[in-house]
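Only one structure is covered here, and it is reproduced in the block below.
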Amino acid sequence: MLIFLLNQQKIETDQHPGTVLLDFIRNDNRLFGTKEGCREGDCGACTVLTGRYDGDKVVYRAVNSCLLPIGSLQGKHVVTLEGLNGIENTVLQDAFVYEHASQCGFCTPGFIVSLTDFLLNNADLKFQEAIDSISGNICRCTGYASIRRAIDRFILDVKNKIDLQPELRIQQLISAGQLPAYFAEIPVRMAELVADTSPVKNGKIIAGGTDLFVQQADALRSASVQFVDDAAVHHQIRVENNECIIAAATTMEDMRRSPIFQKIIPDFDKFAKLIASKPIRERATLAGNIVNASPIADFTIILLALDATVELEKNGSGRHVALHDFYLGYKQLDLQPDEKIASIRFPVPHGDYAFNFEKVSRRTHLDIASVNTAALIAYENSTIQSARLSAGGVAPVPFLLRESSAFLTGNEINDAVVQQAIDIAAAEISPISDVRGSADYKRTLLCQLIFAHFHEKFPQVLSEEASL
Amino acid sequence: MKNYDTNLHVRGESRFVDDFPAPDNTLHAAVKGSAVAHGTIKSIHLENAENYPGVRRILLAKDVPGENQIGSIIQDEQLLAAVEVHFIGQPIAIVVAETPEQAREAVALIAIEYEEKPVVTDPRVAAEKGQLIAPARTFSCGDTDAAWEKCDVIVSGTAASGGQEHLYLETQGCLAMPKEDGGLKLISSTQGPTAVQRIVARVLGLPMHKIEVDVLRLGGGFGGKEDQATAWATMAALAAYCMQQPVKLVLRRHEDMVMTGKRHPYSSDFKIGLDKAGKILAYEATYYQNAGAAADLSTAILERTLFHSTNSYFIPNVKATALSCRTNLPPNTAFRGFGGPQAMFVIESAIAAAAEKMGVTPATIQDKNLWQDGDETPYGQIIQESRIKSCWHETVERYDIEKLQQNVRRFNERNQEVKKGFAMMPVTFGISFTNTALNQAGALVHVYNDGSVGVSTGAVEMGQGVNAKLQQVAARVLGIDARRIRVDSTNTGRVANTSPTAASSGSDLNGHATRLACEQILERLQCFASRLLDVERSKISFHDDKIWVDEKPQSLQWQELTDKAYWARVSLSAQAHYATPNIHFDKSKEKGHPFAYYAYGVAATVVRLDCIRGTYIVESVDIVHDLGSSLSPKVDLGQIEGALMQGIGWLMMEDVVFSEEGRLLASTLSTYKIPDIYFAPEDLRVHILENAAHPAGLFHSKAIGEPPFMYGIGAWFALREAMKAYRSNGEIPFIAPFTPERVLMAISRLTKDE
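Protein sequence lines, in the order shown, are assigned to chains H and L. Read in order, the letters of the first sequence correspond to residues 1 to 468 in our numbering. Read in order, the letters of the second sequence correspond to residues 1001 to 1754 in our numbering.
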C-alpha cells in the first residue's frame, strides 16, 4: 500500500502505482483546482508541489502531475492549489486578481502553484527566477504582460511581509498568512509515514518519467513498474581523482543547483534553462535522459562533449562504457536486460578550456531542439589542444562529431580552420526531415551552431564576415 | 472593475465542464475518427470493442434518431460519417463506457476498412478541380483594368499565411444529462449555446424547447468553440439520449488538435499599383481559402476577408475575389479576426513589395493612404469618424518613431550578426457580424426583493471579461454597487435564440440588451418611488445605492425600495431585445453598410534577429488603440495584450503542418508551440486613444476582442526588415509563419549588397 500526504489528508491507496497523480487528484479525490491541459508536461495547468525530505528539512518543488506516477510519492507531501488556499487570498493571489493576470482562468492554478515553488525556495525573490519558475506554464489569453506585472507586485508585497531568510521561509510565510498553518505539522507527519510493503524490484524502471509518461502513460497504468528511490541519491555529485561522478538519478535541477557543476561549466545555468522547463527538470534524471536514447537529448549531448562514461550495474557487478559507444543505433543501447545505469562520470577539464552549448528549437524554452550541439575545447594560447564536439538531431543517435573534433585538435583557431571544421561536420552527419525541420535545415543549422561555438567563446580571433 | 471570476480562478475554485461533479451513474464517451483523409468506409468491426470491459454501447451514424447533419450555414457535415470520410479524425463512432479510459481503450479496438480516394490538401489544387464550398465572390470598386496604366509602379506577387490551432487551454467537452420528459440538459463549453441547442434538437429529432444548454464559462474559446463545440455536445447528447444516462465527453488535447478545425490557411495573389508619390491607385487580390472538408463558417470568414482586403487604406480601384476551397483537412473555423488577418497580411505584403521596388519604407506608403472621413470602401460603406490617422499620428509622436527608426538603423550599422527591423501596422476592423441577422441579443434581468440583481444574456464568458462589463452596465443604469449584481450562466432557457459570443460584439450586443432591460426596471422603480415620495418622477434619480430627489439623497435606499416595490406588486423583472440599428448589406450587389462602426489602432514593432542562429525575439511593441470610452480599461488592456501575443504567435512561431496524406504532424503540445512568457515582447506599451468617446457605442465604448490580434502582423514585417538589414539582395517570400527554419533558410539564400 502506498502512503503519502495530499494537502492535509493522509492517503493510503492500493491504486496501480503507474496511475498519474493528475488522475488520482481529480478522479479519486475530486480536487478540481488542478487542470488537465495536455497530459505531456507542456502546459503546466496540472502543476502541483511535492515535498520530500532533503536532509532534515522538507523541500517543495513544483512538478507536472500529468507525468508523475503515484508510485513515486511514497512518504511525500503533495500540495494542490486547494492545499495552499487560506480563508483570505495570499498576496500572490491578490496580485493576480489586481493585475488581471487571469482571464479564462484555466491556466491560473498552475501559475499560482509554480510561483509558490519560487516563493518557498528562491532566496532573494529575484524577478527573473520567478519567470523561470513559470517556464512550464502556458497562458493563451493574457499575452503574459499582466502576469509579469502581477509578479512584480507580488514580489514587492511579499517582501513587505517576510524577511529574506530562506531557512526560515516556511515558518515566516505561515506567520504572515501566506501559507496555511498545517504546513508546520507536515515534517512530523511525513516522518511517520511508513510504507507497509517493500518496494517492487522488477518491471519497468521509472525515474523521473518525464518522457515515459508522455509516450506510454496508458500502458504504464497497468504495467509492472518499479521506482528509483529519489530520496537516497539526492545531491550525489562529487569529484574524485579529477573525475566528476554523478549518481544516475540526479535530476537536471540538482545539476543546475550544484556548485561543482557550476564551477566546471560556468555558463551551466544559462544552458540548463534551455532544457525543458523547471518542473520537468525537477523530475528528469540524467540516466533517464541517457537511456531514453533520443537522438536530440540535450543533456546527453552535453555529456558527449564532456567525454562521459556510464557505469552499468547488474547483480552487484559493473562495467563502464564510454557514452559515445553506448548508442548502437536508433533507440538501441549497449545495455543488457536487468542492467541499469549506476552513475555517470567524466574527466574534469583542466587548463584553459571553453565549454559551450547551443540549441535552436522553434521556441527557445520548453521545446525539443531542431539541432543542439556542445563543444569542449581545451587550448593553449590560440592552439587547440583537444576538441570534442557533439550534436543532436543530425543522426539516429546522439552524435559525437569525431572527424571535425579530430581535425580541430592541434589547429589554430581562425576563420579558415573553423570553416573547415564546419565542412567536415556537415559531411559526417546524416539528418532526416521531420517535424523538427528539414534535413537541409538541420545541416545548415549545425554549421551555424558550430560557428556559434567559436563566435561565443573566441570572438576576438574570428572575423565578422565569417558566418553563413 | 475586476474581471468577474478572477477571484475564483486564483483559488482554483472556478468550474469548467470537466470539473462539475457529474451524477454517480455518469457514463463516458470517446470518439473513433477516420484514419484516412478521403475514402469510403467498406466495413466497421465493433466486436472487440463491444466486448471490452466497461463498454456499454457503440453508436454509429445509423443510430441517429433525427437528422445526421450538423452543418450550420451549409448542411454539408454529418455528425457521424456514414459512408464517405473526408478528413483524418472525422468522427465515425462513439464508444460509451463506464470510465473514460475504457472508452478510449475500446476506441482503439474498432477496426475500420476504407477504400481510399485521392487526397487534396492544397486550396489552389482544390480550386483547379472545382472543389469550392460556394461560388466565388468578388468585391470591387472603380476600374482596376483602366487604372493600371495610370500607375507608375506596379508590383504583383503571392502571399501565404498558415493555420493556427486555437489552443484554448480547456479542450472541447460536454456533460449531457437526460431529463424526465425525454429532453436533455447539457453543460457545454461552447460560444454558441443556441447553436448547440438547435443542432442537438435536429440530430435527436426533438423540439428545441426540450434541450437546455447551460454555459458557465469557457477555458478559452477564441472562435474555436463558436461552431465546433457543437459536434462534441451533440455526440454527448446522442449518447445520453440513447442510454438514458448522463454522459460526459471531454477531448484529450491530442484528439482535440487532430479532430477540430483551425484558422484558415490562405494562399493569395496580389497586384498593386501606385503613383510616384506613393498613392495606391489600384489593388487586385485573389484569395484561396483552405476551408477543409466542410463549410463550417468558412463562407462567412471568406466574406470578412473581402471586407478587410484593403485594411486601413483608401484605394479607388479595387477588385478582390475570394474562393473557399474544399480540401481533405478538418473543417477550418472561426479564430479571432475571422478572415480579416489573412486579408491584411496580403495587402501589407503588397505594400512591402511596392516599397522595396520604390526604395522607400513601407510606412511611407501606409501613411499616405490611410482612410479619411468620406472615403468609400470597396463594399460601399462610407467611412465616418475615422480615427486611423489620429492613431497613426499619436503613435508617431508619443513613441518618437523617428528616433526609434534611427536607433534601429544605428544598431544595424554597429552590429553584424544581430540585426533589428521595424514596422508599423495600422488596423481598421469592422464591428458587427457580417451576417446582419446575427446582430441581435436578449437579456433577462431580475431584481430580487433584497436588492440583489441577476443578469442573464446570450453572452458567454470565456476570459474576455464580458461578465465584468455586463455587471458594469447594470450597475451604471440602476445606480447601484456592482457587488449587488451577479451575472448568471448563459442558459437557453433564460435567454433564447442567441447569437454566438463572437465577432468582438458580445459586450456591445448583450450590454445594450442588458441596458434596455435595466432601464425598464429603473423606469418602473422611479414611477413607484415618485408615488411613494410624492414627487415628480423627473426629479428622481438613482445612484450610489440611494434614491435622490433633486440630487439630494433620501432616507429611502435601493434595498428598501425593491422590497416595497415587490409588496406593491411592481414587476422587478424585465426582458429586453437589442438589434444593431442602421446596418445592411446587399449580397447581390456586394454593397451596403455592414458595420456599426470600426475599431482603429496602430502598432510600431521592433524585432531583433540573431543572424547566426536564425532566431528572433520581439523587442518592443508600441500601440495606440481606439476603444472609445472604455467600460473597463483593465479588461480591455488585457484583451489588447493577449490578442497581440496570439497574433505574434500566428506569424512568428505557430506552424500547423499537415502531411500530403492529410495527417496533422504537429498534433501535440510538444510539437505545436505557442508563445511562452519568454517569447512575449520584452517591452510593450499600450496607449488608449484619449478623448475618443464613441457616441453610438455602449456607454460610448467600442468592441475590443479581435482588432488587436492584427498588430501581430507588424512583427512579421519587422522581422523581414531585419533580414533585409542583414543581407539586402534576394527574395524573402511572403510566407507566414516565420519559423527559425524559414528565417535561417531565407537568409542563407540572400546576399550582401556590394
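Every residue gets a Cβ at the ideal spot worked out from N, C-alpha and C, and that includes glycine.
So the candidates are L:L1306, L:S1312 and L:F1335; which of them puts its Cα closest to the Cα of L:T1321? Counting from one through the second sequence, the residue named residue 1321 of chain L turns up at place 321. If we check each option's Cα against that of L:T1321, L:L1306 comes out closest.
Hey, quick one: how far does the alpha helix (DSSP H) through L:Y1168 stretch, first residue to last? Here residue 1168 of chain L is taken as the residue at index 168 of the second sequence, counted from 1. It is not in any alpha helix (DSSP H) - L:Y1168 carries neither H nor E in the DSSP assignment.
When you compare only the Cα positions, how much space is there between L:M1001 and L:T1751? As a working mapping, residue 1001 of chain L is identified with position 1 in the second sequence. As a working mapping, residue 1751 of chain L is identified with position 751 in the second sequence. At L:M1001 the pLDDT is 47, less than 50, meaning the model places this residue with poor confidence; the figure from the coordinates comes in the next sentence. Going by C-alpha positions, L:M1001 is about 54 Å away from L:T1751.
Between which two residues does the beta strand (DSSP E) harbouring L:M1424 extend? Taking the first residue of the second sequence as 1, we reach residue 1424 of chain L at position 424. Segment V1418 to I1431, the beta strand (DSSP E) holding L:M1424.
Kindly identify the DSSP beta-bridge partner or partners of L:T1490. Locating residue 1490 of chain L in the second sequence gives position 490, counting from the first residue. Bridge partners of L:T1490: L:V1215.
Kindly list the residues whose CB is nearer than 6 Å to the CB of H:V417, restricted to its own chain and excluding five residues on each side of it in sequence; keep chain order. Position 417 of the first sequence, counted from the first residue, corresponds to residue 417 of chain H. N411.
Expected contact under 8 Å - CB spacing of L:L1329 and L:F1658 to nearest Å: For this step, residue 1329 of chain L is matched to residue 329 along the second sequence. For this step, residue 1658 of chain L is matched to residue 658 along the second sequence. 6 Å between Cβ atoms; contact.
Contact check, L:V1607 vs L:A1718, beta carbons under 8 Å: For the purposes of this step, residue 1607 of chain L is identified with residue 607 of the second sequence, where counting begins at 1. For the purposes of this step, residue 1718 of chain L is identified with residue 718 of the second sequence, where counting begins at 1. Yes.
With L:F1542 as the anchor, note down where its beta strand (DSSP E) starts and where it stops. Within the second sequence, residue 1542 of chain L is the residue found at index 542, counting from 1. I1540 to H1543 is the extent of the beta strand (DSSP E) around L:F1542.
Taking just the CA atoms, how far does L:S1034 sit from L:E1050? Residue numbering aside, residue 1050 of chain L sits at position 50 when the second sequence is read from its first letter. Residue numbering aside, residue 1034 of chain L sits at position 34 when the second sequence is read from its first letter. Each residue's alpha carbon lies about 18 Å from the other.
For L:E1690 and L:Y1241, what's the separation of their Cα atoms in angstroms? Counted from its first residue, the second sequence places residue 1690 of chain L at position 690. Counted from its first residue, the second sequence places residue 1241 of chain L at position 241. Their Cα atoms are separated by approximately 54 Å.
Residue environment, L:T1190, which counts as buried when at least 16 other CB atoms sit within 10 Å: Here residue 1190 of chain L corresponds to residue number 190 of the second sequence, with the count starting at 1. Buried, by the Cβ-count rule.
Would a C-beta distance cut-off of 8 Å place L:T1310 and L:I1272 closer than the cut-off? Taking the second sequence and counting its residues from 1, one reaches residue 1310 of chain L at position 310. Taking the second sequence and counting its residues from 1, one reaches residue 1272 of chain L at position 272. No, the Cβ-Cβ distance between L:T1310 and L:I1272 is not below 8 Å.
Name, please, each residue of chain L whose Cβ falls closer than 7 Å to the Cβ of H:E240. Within the first sequence, numbered from 1, the residue matching residue 240 of chain H stands at position 240. None at all; the shortest Cβ gap to chain L is about 37 Å.
Within 10 Å of its beta-carbon, does H:D254 have 16 or more other beta-carbons around it, so buried, or fewer, so exposed? Taking the first sequence and counting its residues from 1, one reaches residue 254 of chain H at position 254. Buried is the call here.
Kindly indicate which three-state DSSP category L:K1279 falls into: helix, strand or coil? Within the second sequence, numbered from 1, the residue matching residue 1279 of chain L stands at position 279. Coil.
Backbone secondary structure at H:C141 - three-state DSSP: Working through the first sequence from its first residue, we reach residue 141 of chain H at position 141. DSSP places H:C141 in coil when its eight states are reduced to three.
By the three-class DSSP mapping on this structure, what secondary structure does L:M1462 have? Translated into the one-based positions of the second sequence, residue 1462 of chain L becomes position 462. It is coil, neither helix nor strand.
Give the straight-line distance between the Cα atoms of L:L1297 and H:L401, rounded to the nearest whole angstrom. In the second sequence, residue 1297 of chain L corresponds to position 297, counting from 1. In the first sequence, residue 401 of chain H corresponds to position 401, counting from 1. Per the coordinates, the alpha-carbon of L:L1297 lies some 52 Å from the alpha-carbon of H:L401.
Just the chain L side, please: which residues come within less than 8 Å of H:Y441 by C-beta, in chain order? Stepping through the first sequence from its first residue, residue 441 of chain H is reached at position 441. Correct list: E1741, L1744 and M1745.
Just mark H:F346 as buried or exposed, buried being the case when its beta carbon has 16 or more other beta carbons within 10 Å. As a first step, residue 346 of chain H is located in the first sequence; it is residue number 346 there, counting from the start. Answer is buried; the Cβ neighbour count reaches 16.
Chain B contacts from the region 248-269 of chain H (Cβ-Cβ distance under 7 Å): Protein chains H and L are contained in the structure displayed, whereas chain B is not.
On the three-state DSSP scale, how would you describe L:M1001? By 1-based counting over the second sequence, the position of residue 1001 of chain L is 1. Any reading at L:M1001 is ruled out, since the residue's pLDDT is 47, under 50, leaving its predicted position unreliable.
Alpha-carbon spacing of L:N1258 relative to H:F213, whole angstroms: Here residue 1258 of chain L corresponds to residue number 258 of the second sequence, with the count starting at 1. Here residue 213 of chain H corresponds to residue number 213 of the first sequence, with the count starting at 1. Here residue 1258 of chain L turns out to be Val, not Asn, going by the sequence shown. Their Cα atoms are separated by approximately 20 Å.
Can you tell me whether H:F127 is buried or exposed, with buried defined as 16 or more other CB within 10 angstroms of its CB? The residue labelled residue 127 of chain H in the question sits at position 127 within the first sequence. The residue in question, H:F127, is exposed, as its Cβ has fewer than 16 Cβ neighbours within 10 Å.
Could you compute how far the alpha carbon of L:W1371 sits from the alpha carbon of L:L1478? As a position in the second sequence, residue 1371 of chain L is number 371, starting the count at 1. As a position in the second sequence, residue 1478 of chain L is number 478, starting the count at 1. Going from the Cα of L:W1371 to the Cα of L:L1478 covers about 39 Å.
Exposed or buried, H:Y330, counting other C-beta atoms within 10 Å across all chains shown (16 or more means buried)? Here residue 330 of chain H is taken as the residue at index 330 of the first sequence, counted from 1. Its Cβ having fewer than 16 others within 10 Å, H:Y330 is exposed.
Short check: CB of L:P1707 to CB of L:G1628, under 8 Å? The residue given as residue 1707 of chain L occupies position 707 in the second sequence. The residue given as residue 1628 of chain L occupies position 628 in the second sequence. No, the pair does not count as a contact, with Cβ atoms beyond the cut-off.
Can you list, in chain order, the residues of its chain with a C-beta nearer than 6 Å to that of H:V63? Leave out the 5 residues immediately preceding and following it. Taking the first residue of the first sequence as position 1, residue 63 of chain H is located at position 63. Answer for H:V63: T50, P279, E282 and R283, listed in chain order.
With DSSP collapsed to three states, give me the class of H:Q385. Looking up residue 385 of chain H in the first sequence gives position 385. In this structure, H:Q385 counts as strand in the three-state DSSP scheme.
Listed from N- to C-terminal order along the chain, which residues in the region 356-383 of chain H have their beta-carbon within a distance smaller than 8 Å of any beta-carbon of chain L? E358, V360, S361, R362, R363, T364, H365, L366, D367, I368 and S370
Does the region 1582-1602 of chain L come into contact with the region 1377-1391 of chain L, if we say contact requires no fewer than three beta-carbon pairs (one atom in each stretch) closer than 8 Å? yes
Which chain L residues sit within Cβ distance under 7 Å of H:I147? Counted from its first residue, the first sequence places residue 147 of chain H at position 147. Per Cβ cutoff of 7 Å: I1677.
With 8 Å set as the bound, which would you pick, yes or no: does the beta-carbon of H:Q42 sit closer than that to a beta-carbon of chain L? Position 42 of the first sequence, counted from the first residue, corresponds to residue 42 of chain H. Note on residue identity: the sequence assigns Asp, not Gln, to residue 42 of chain H. Closer than 8 Å: yes.
If you draw a straight line from the alpha carbon of L:A1159 to that of H:V200, how long is it in whole angstroms? Stepping through the second sequence from its first residue, residue 1159 of chain L is reached at position 159. Stepping through the first sequence from its first residue, residue 200 of chain H is reached at position 200. C-alpha separation (whole angstroms): 60 Å.
Between the region 1261-1272 of chain L and the region 1132-1141 of chain L, are three or more C-beta pairs nearer than 8 Å? no
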